[in-house]
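**Student:** The structure follows.
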Amino acid sequence: MLKSMTGFGKEIVETPDRKITIEIRTLNSKQLDLNLRLPAELREKEAEIRSMISKKLQRGKIDVVFQIEITSVDAAPVINKTLAEHYYNQMVDIASSVGQTDYSGFLPAIMKMPDILVQEKQETGEEEMRMIMKGLENALDKVDGFRIHEGSILEKDIVSRIKNITGLLKSIDPFEEQRIPVIKERIRKRVEELAGDAGIDENRLEQEMIYYIEKFDITEEKVRLEKHCNYFLETVKAPESPGKKLGFVTQEIGREINTIGSKANNADIQKLVVLMKDELEKIKEQLFNIL
Numbered sequence: 100m101l102k103s104m105t106g107f108g109k110e111i112v113e114t115p116d117r118k119i120t121i122e123i124r125t126l127n128s129k130q131l132d133l134n135l136r137l138p139a140e141l142r143e144k145e146a147e148i149r150s151m152i153s154k155k156l157q158r159g160k161i162d163v164v165f166q167i168e169i170t171s172v173d174a175a176p177v178i179n180k181t182l183a184e185h186y187y188n189q190m191v192d193i194a195s196s197v198g199q200t201d202y203s204g205f206l207p208a209i210m211k212m213p214d215i216l217v218q219e220k221q222e223t224g225e226e227e228m229r230m231i232m233k234g235l236e237n238a239l240d241k242v243d244g245f246r247i248h249e250g251s252i253l254e255k256d257i258v259s260r261i262k263n264i265t266g267l268l269k270s271i272d273p274f275e276e277q278r279i280p281v282i283k284e285r286i287r288k289r290v291e292e293l294a295g296d297a298g299i300d301e302n303r304l305e306q307e308m309i310y311y312i313e314k315f316d317i318t319e320e321k322v323r324l325e326k327h328c329n330y331f332l333e334t335v336k337a338p339e340s341p342g343k344k345l346g347f348v349t350q351e352i353g354r355e356i357n358t359i360g361s362k363a364n365n366a367d368i369q370k371l372v373v374l375m376k377d378e379l380e381k382i383k384e385q386l387f388n389i390l
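Each number in my numbering corresponds to the 1-based position in the sequence shown with 99 added.
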């Protein structure tokens, strides 16, 4: 089963005082590239959170954001009145010294001063932490579901392209049967031109023909290419994440296609080779996003 590395998952956990939003986005990457943004009160769980994410998602560029919103008045920040009055009195003194009598802009400015809003340290209890970790688990499941859905779309595409390659491979057979007599005739004409009146040694000519025809023979390459394509289709259905393995198989497929092209010595076969290469390149592009 193929999974895409592109995914998204969001989960909201609501407690009596807070609303915690967990959002996960993933993109393709060769390795695990995890960017985790946690509020201060959850830092103690960072190692456990990272372990959960890496175990579930395995690979990709992963952005995980935890956002906490206060929903209870009791848990909301309070104004430090003593500090606010201190700032206000100082600002009035300065304004008076320069002859300013309009103090209307002081309070908005004071509210932006450091430490005016005091947030009491929030302790995350065991039950609340359990809810948060369960929320993370749910968000990861949603990402995994998204990846499976995207992977099924990619799987249909690359499987159809592998089948196209095997279809093109079978189309080579008629042209292969035609090319051997053509090669033989070409060699004979060339030898006759070079020998001239001296004549040619038929036994030696037959030996040379066998040598060159063996060099142009693509039977082994065709057999290996078909086997690689079949193995690719088997690997696609593997339960583990097969993205890297499929990448290695496509390298072998490409090697056999290139060898067939170099040995073809036939324009029609070369055209089929070009079509196979085009399908393989499109498969490689899709594999960049396969887990």
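Cβ atoms here follow ideal geometry from the backbone N, Cα and C, with glycine treated the same way. Here the structure is a predicted model, which means the values were calculated and not measured.
Only counting the same chain, and skipping five residues up and downstream in sequence, which positions put a Cβ closer than 6 angstroms to that of I257?
**Tutor:** I382, Q385
**Student:** Per the DSSP calculation, E110 is bridged to which residue(s)?
**Tutor:** DSSP lists I121 as partners of E110.
**Student:** Less than 9 angstroms separating the beta-carbons of F107 and L137?
**Tutor:** no
**Student:** Considering only C-alpha positions, which residue in the set F347, Q369, M212, E226 is nearest to I271?
**Tutor:** Ranking F347, Q369, M212, E226 by Cα distance to I271 puts Q369 first.
**Student:** Considering only residues of the stretch 131-217, which uninterrupted beta strand (DSSP E) runs meet the minimum length of 3 residues and lie entirely inside it, listed in chain order?
**Tutor:** 131-136, 159-169
**Student:** Measure the CB-CB distance between T114 and G159 and report whether it falls below 9 angstroms.
**Tutor:** no
**Student:** Sort V348, I282, E355, R285 by Cα distance to T318 and report the nearest one.
**Tutor:** With distances taken between CA atoms, T318 lies nearest to E355 out of V348, I282, E355, R285.
**Student:** Report yes or no: do three or more beta-carbon pairs, one from the stretch 360-367 and one from the stretch 261-278, lie closer than 8 angstroms?
**Tutor:** yes
**Student:** Once DSSP output is grouped into helix, strand and coil, what is the label at S361?
**Tutor:** In the structure shown, S361 sits in a helix (DSSP, three-state: H, G or I).
**Student:** How would you write the range of the alpha helix (DSSP H) that T265 sits in, first residue to last?
**Tutor:** 225-269
**Student:** Name the DSSP bridge partner or partners of L126?
**Tutor:** Answer by DSSP bridge pairing, in chain order: K160.
**Student:** Have a look at I279 and G360 and give me their C-alpha separation to the nearest angstrom.
**Tutor:** Computed Cα separation, rounded: 15 angstroms.
**Student:** Between the Cα of G234 and those of M104, I123, L268, A337, spot the shortest distance and give me the residue it belongs to.
**Tutor:** I123
**Student:** Whose CA, out of I161, L267, L133, lies closest to the CA of L374?
**Tutor:** The residue with the shortest Cα to Cα distance from L374 is L267.
**Student:** For K102, report the span of its alpha helix (DSSP H) as first-last.
**Tutor:** Segment: none, K102 is in no alpha helix (DSSP H) and carries neither H nor E.
**Student:** Is I389 helix, strand or coil by DSSP?
**Tutor:** strand
**Student:** Can you give me the C-alpha to C-alpha distance between K288 and N302, rounded to a whole angstrom?
**Tutor:** Going by C-alpha positions, K288 is about 16 angstroms away from N302.
**Student:** Please tell me whether N179 and L131 are closer than 9 angstroms, where the distance is taken between their beta carbons.
**Tutor:** Against a cut-off of 9 angstroms, the Cβ pair of L131 and N179 comes out as no contact.
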